[in-house]
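S.K.: In this text, residue positions in the sequence shown follow the numbering used here: the first is 987, and each later residue adds one.
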Amino acid sequence: MMERALRDREQQLQAVLDMSQAGILMTNANRWTISYANKRMAELFGCALSELDGTAFLDYVHPSEIERAKLDMHMMVTGEVEKIKAERRFVSKEGGEFWGNLTAQSLVNGDGTLQGVMVTVYDNTELRNKEMSLSIVENNYWEIFNATNDAVFVHDAYTGAIVEANKSVEKMYGYSREEIFFMNVNDFSSGEPPYSLDDAISWIRKATEEGPQSYEWLGRKSSGELFWAEVSLTASHIGGEGRVLSVMRDISDRKEIEKKLQYLSSHDSLTGLYNRSFFETELERAVKGRRYPVSVIVADLDGLKQVNDTHGHEAGDALIRSAAKILNCAFRSEDLVARTGGDEFVVLLLEADEQKSSALQKRIREAEMRLNSENGAVQVRLSMGSATAHMPSDMGTLISEADKRMYEDKSSHKQGGNMLSSYRSLATFSPDRPSSLLLDF
């Protein structure tokens, strides 16, 4: 009865061993020859179960792992360790190879002597290959992450904290990698609304809740220099955590070009004054505004055609620039001085009545006299007229009234002969030369 029970247990144990996904074998204590192995171990080693009996365990260890395996065996035989867990490389009978997670457990007799060793091996080749593939992908990711010229931040989606940054962040902002992770978005920004920490966190939340976001941002480098950046935010999950990827591109050059183009679109290239288009736009705004009374001064440069015909357009341009300097220096920064034609100028004055307009025209006349006395080679004479609107209904005739008075002023003196007789030579005159006239305003 006892023998039958023992036989049943052996059969049950064998069934369990045969069903195991782990290769299992037992060796003796002397030469570590295999005394028992299950079917899975035979499959791993690529041979019949009967072929394993009596063979040396080291025969199935990869040559590169032999020395480590011998050391493991020595420590178990001497009793230094009772159990070893390690990843080892094995070979099969056909010459193939695989990686396995090995566990070796000492089997001890009742008197404490080593009876043998039980070894289990789980094939983890597939898992290892996946890990290697993942490692390659991760390495490629970091190569790309750090190779891009754009600065890339990875933010916590909920707090906005910086959890990762690429090398371009260091180059763009001038901080070391160690410094970056002790900083927040505000340290990389101008700090003033709409470019503050609160504004940045608001954009990050939008990216999380509404989808990708793009906008322009005023950044600050470690030197304190401000620069414009274009920012693209994309929400994602990395490692199970909510993250927002922030890609920043320095657009300072583009903004500078835009600034220059904007300036050219609103200014006269010869004088630097505003042009007709900008004046007309601002006049429309003045009509709809509340800063009444509104005055305009229309000025026409006398004798320009004669100077151009007699001395050439270079001389005429010098005359125009001189007139522009007089007008530009005579007015406040908030007053709009524009060149609206070849020899035509206009000044838009907000919250200025007839008395103020008249005082400014007198100031221009004084400036003419002083410039003409200092630069006898060129005589500047502006014919002027002004008009004032006290309410929006007056604005329709504002320019025509000022023009009418300008022509009255022009007809009141003879500008042509006087201009040419006094315009002797431009060789001694430079409109860019500093004068007391311009410095005294």
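Even for Gly, the Cβ is constructed at its ideal location relative to N, Cα and C. Predicted model only: the values in this text are computed from it and were never measured.
Would you say residue 1059 and residue 1085 are within 9 Å of each other, going by their C-beta atoms?
M.R.: Working through the sequence shown from its first residue, we reach residue 1059 at position 73. Working through the sequence shown from its first residue, we reach residue 1085 at position 99. No, they are not a contact pair.
S.K.: What separation, rounded to the nearest whole angstrom, lies between the Cα atoms of residue 1375 and residue 1330?
M.R.: For the purposes of this step, residue 1375 is taken as residue 389 along the sequence shown, with counting starting at 1. For the purposes of this step, residue 1330 is taken as residue 344 along the sequence shown, with counting starting at 1. Residue 1375 and residue 1330: Cα-Cα distance of roughly 21 Å.
S.K.: Using the C-alpha atoms, what's the distance from residue 1169 back to residue 1183?
M.R.: The residue labelled residue 1183 in the question sits at position 197 within the sequence shown. The residue labelled residue 1169 in the question sits at position 183 within the sequence shown. Residue 1183 and residue 1169 have their C-alpha atoms roughly 11 Å apart.
S.K.: Does the beta carbon of residue 1161 come closer than 9 Å to any beta carbon on chain B?
M.R.: Looking at the structure shown, chain B is missing, and only one protein chain is on hand.
S.K.: For a minimum of 3 consecutive residues, which ranges assigned as the beta strand (DSSP E) are wholly contained in the segment 1000-1043?
M.R.: Uninterrupted beta strand (DSSP E) stretches at least 3 residues long and entirely within the segment 1000-1043 occur at 1009-1014 and 1020-1023, given in chain order.
S.K.: Here's the rule: buried if 16 or more other CB atoms are within 10 angstroms of the residue's CB, otherwise exposed. What is residue 1265?
M.R.: By 1-based counting over the sequence shown, the position of residue 1265 is 279. Label assigned to residue 1265: buried.
S.K.: Assign residue 1309 to one of two classes, buried (16 or more other C-beta atoms within 10 Å of its C-beta) or exposed (fewer than that).
M.R.: Numbered from 1 along the sequence shown, position 323 holds the residue referred to as residue 1309. Classification of residue 1309: buried, given that the 10 Å Cβ count is 16 or more.
S.K.: Tell me which same chain residues have a C-beta within less than 7 Å of the C-beta of residue 1223, skipping the five on either side of it?
M.R.: Taking the sequence shown and counting its residues from 1, the one referred to as residue 1223 is at position 237. Answer for residue 1223: 1229, listed in chain order.
S.K.: Put residue 1288 into one of helix, strand or coil per three-state DSSP.
M.R.: Indexing the sequence shown from 1 puts residue 1288 at position 302. It is coil, neither helix nor strand.
S.K.: Residues in the same chain with beta-carbon distance under 6 Å from residue 1138, minus the five sequence neighbours each way, listed in chain order, please.
M.R.: Mapped onto the sequence shown, residue 1138 falls at position 152. Excluding sequence neighbours, residue 1138 sits near 1152 and 1233.
S.K.: Per DSSP, what are the beta-bridge partners of residue 1091 in this structure?
M.R.: Residue mapping note: residue 1091 aligns to position 105 of the sequence shown, counting from 1. 1069 and 1104, per the DSSP bridge assignment.
S.K.: Tell me, to the nearest whole angstrom, how far the beta carbon of residue 1187 is from that of residue 1167; I am working on the premise that it is less than 8 Å.
M.R.: To locate residue 1187, count along the sequence shown from 1; it is residue 201. To locate residue 1167, count along the sequence shown from 1; it is residue 181. No, residue 1187 and residue 1167 are not in contact; Cβ-Cβ is about 18 Å, not under 8 Å.
S.K.: Excluding the 5 residues preceding and the 5 following residue 1254 in the sequence, name in chain order all residues of the same chain whose CB lies nearer than 6 Å to its CB.
M.R.: As a first step, residue 1254 is located in the sequence shown; it is residue number 268 there, counting from the start. Counting only Cβ-Cβ distances below 6 Å, and skipping sequence neighbours, we find 1261 and 1325.
S.K.: Looking at the structure shown, is residue 1381 part of a helix, part of a strand, or coil, going by DSSP?
M.R.: Along the sequence shown, read from residue 1 onward, the residue named residue 1381 stands at position 395. Helix, per DSSP.
S.K.: Would DSSP call residue 1302 helix, strand or coil?
M.R.: Position 316 of the sequence shown holds residue 1302. Helix, per DSSP.
S.K.: What residue from 1239, 1322, 1194 and 1217 has the CA that sits closest to residue 1252's CA?
M.R.: Taking the sequence shown and counting its residues from 1, one reaches residue 1252 at position 266. The candidate whose alpha carbon is nearest that of residue 1252 is 1322.
S.K.: When DSSP builds the beta bridges, which residues end up paired with residue 947?
M.R.: Outside the displayed span of the chain (987 to 1427) sits residue 947, for which this structure offers no information.
S.K.: Output the boundary residues of the alpha helix (DSSP H) element that contains residue 1057.
M.R.: As a position in the sequence shown, residue 1057 is number 71, starting the count at 1. Run containing residue 1057: 1052-1063, per the alpha helix (DSSP H) assignment.
S.K.: Inspect the beta-carbon positions of residue 1333 and residue 1385 and report whether they are closer than 9 Å.
M.R.: Residue 1333 sits at position 347 when you count from the first residue of the sequence shown. Residue 1385 sits at position 399 when you count from the first residue of the sequence shown. No, they are not a contact pair.
S.K.: Using a 10 Å radius around the Cβ and a threshold of 16 neighbouring Cβ atoms, would you call residue 1379 buried or exposed?
M.R.: The count along the sequence shown starts at 1 and reaches residue 1379 at position 393. The residue in question, residue 1379, is exposed, as its Cβ has fewer than 16 Cβ neighbours within 10 Å.
S.K.: Just how far apart, CA to CA, sit residue 1269 and residue 1372?
M.R.: What you label residue 1269 is simply residue 283 of the sequence shown in a count that begins at 1. What you label residue 1372 is simply residue 386 of the sequence shown in a count that begins at 1. Computed Cα separation, rounded: 15 Å.
S.K.: What number of angstroms, rounded off, separates the C-alpha of residue 1428 from the C-alpha of residue 1235?
M.R.: There is simply no residue 1428 to check, as the chain begins at 987 and stops at 1427 in what is shown.
S.K.: Could you tell me the boundaries of the alpha helix (DSSP H) in which residue 1184 lies?
M.R.: The residue given as residue 1184 occupies position 198 in the sequence shown. Taken as a continuous stretch (DSSP letters only), the alpha helix (DSSP H) holding residue 1184 covers 1183-1196.
S.K.: For residue 1199, list the residues DSSP reports as bridge partners.
M.R.: The count along the sequence shown starts at 1 and reaches residue 1199 at position 213. 1219, per the DSSP bridge assignment.
S.K.: Quick one: residues in its chain with C-beta nearer than 6 Å to the C-beta of residue 1198, no 5 flanking neighbours on either side, listed in chain order?
M.R.: Counting from one through the sequence shown, the residue named residue 1198 turns up at place 212. If we look at residue 1198 and ignore the five residues flanking it on each side, its Cβ neighbours are 1220.
S.K.: Taking the alpha carbon of residue 1302 as the point to measure from, which residue in 1280, 1271, 1285 and 1257 has its own alpha carbon closest?
M.R.: Counted from its first residue, the sequence shown places residue 1302 at position 316. Here the closest residue by C-alpha is 1257.
S.K.: Tell whether a beta-carbon distance below 9 Å holds between residue 1288 and residue 1397.
M.R.: On the sequence shown, position 302 is the one that residue 1288 refers to. On the sequence shown, position 411 is the one that residue 1397 refers to. No, they are not a contact pair.
S.K.: Please go through the same chain and pick out, in chain order, the residues whose beta-carbon is closer than 6 Å to the beta-carbon of residue 1387, but skip the five residues on each side of it.
M.R.: On the sequence shown, position 401 is the one that residue 1387 refers to. Once the five neighbours on either side are set aside, the close Cβ partners of residue 1387 are 1373.
S.K.: Go ahead and pull the three-state DSSP assignment for residue 1403.
M.R.: As a working note, residue 1403 is residue 417 in the sequence shown. Per-residue confidence for residue 1403 stands at a pLDDT of 44, beneath the threshold of 50, marking its modelled position as unreliable; the derived number appears in the next sentence. Residue state, collapsed to three classes: helix.
S.K.: Smallest Cα separation from residue 1055: which of 1076, 1318 and 1036?
M.R.: Here the question's residue 1055 lines up with position 69 in the sequence shown. Of the listed residues, the one whose Cα sits closest to residue 1055 is 1076.
S.K.: Whole angstroms are fine: how far does the CA of residue 1121 sit from the CA of residue 1006?
M.R.: What you label residue 1006 is simply residue 20 of the sequence shown in a count that begins at 1. What you label residue 1121 is simply residue 135 of the sequence shown in a count that begins at 1. Cα-Cα distance, rounded: 30 Å.
S.K.: Answer with buried or exposed for residue 1181, where buried requires no fewer than 16 other C-beta atoms within 10 angstroms of its C-beta.
M.R.: Here residue 1181 refers to the residue found at position 195 of the sequence shown. Its Cβ being crowded by 16 or more others within 10 Å, residue 1181 is buried.
S.K.: Of the choices 1109, 1154 and 1111, whose alpha-carbon is the least far from that of residue 1129?
M.R.: Here residue 1129 refers to the residue found at position 143 of the sequence shown. The shortest Cα separation from residue 1129 among 1109, 1154 and 1111 belongs to 1154.
S.K.: Quick one: is residue 1011 buried, meaning 16 or more other Cβ sit within 10 Å of its Cβ, or exposed?
M.R.: Indexing the sequence shown from 1 puts residue 1011 at position 25. Under this definition residue 1011 is a buried residue.
S.K.: Among 1214, 1078 and 1045, whose alpha-carbon lies nearest the alpha-carbon of residue 1242?
M.R.: Within the sequence shown, residue 1242 is the residue found at index 256, counting from 1. Of the candidates 1214, 1078 and 1045, the one whose C-alpha sits nearest the C-alpha of residue 1242 is 1214.
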